[in-house]
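Student: Have a look at this one before I ask anything.
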Ligand SMILES: [Zn+2]
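Residue numbers (the working numbering): 38 to 102.
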């Protein structure tokens with residue numbers, strides 16, 4: 038699926054079976070809004086834990102201590 042990093046916009050195979058049309062829809066959304074589109078092989082938007090973003094990133098970075 039393709040999804041927007043700035044709002045709830047998304048398109049997956051259930052919404053639009055055509056890969057070409059999904060790509061075009063993503064481009065249209067970017068052009069119209071200036072939002073950033075990302076994509077994933079998953080059918081659902083990647084979810085992050087409901088924690089502060091900075092803490093989440095820190096948890097993913099290996100400690101160098
Ligand atoms: Zn958007």
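Backbone N, C-alpha and C fix where the C-beta goes; we use that ideal spot for every residue, glycine too.
Does any heavy atom of ligand 1 sit closer than 8 Å to the C-beta of residue 75?
Tutor: Here residue 75 is taken as the residue at index 38 of the chain shown, counted from 1. False, no ligand heavy atom lies under 8 Å from that Cβ.
Student: Since residue 64 sits in a beta bridge, which residues does DSSP pair it with?
Tutor: Counting from one through the chain shown, the residue named residue 64 turns up at place 27. Bridge partners of residue 64: none, in fact.
Student: Tell me whether residue 65, by its Cβ, gets closer than 8 Å to a heavy atom of ligand 1.
Tutor: Taking the chain shown and counting its residues from 1, one reaches residue 65 at position 28. No, since every heavy atom of ligand 1 falls outside the 8 Å radius drawn around the Cβ of residue 65.
Student: Using only CA atoms, which one of 63, 74, 64 lies nearest to residue 42?
Tutor: Within the chain shown, numbered from 1, the residue matching residue 42 stands at position 5. Comparing Cα-Cα distances from residue 42 to each of 63, 74, 64, the minimum goes to 74.
Student: Taking only heavy atoms of ligand 1 into account, decide whether any of them is closer than 8 Å to the Cβ of residue 52.
Tutor: Along the chain shown, read from residue 1 onward, the residue named residue 52 stands at position 15. No, the beta carbon of residue 52 sits no closer than 8 Å to any heavy atom of ligand 1.
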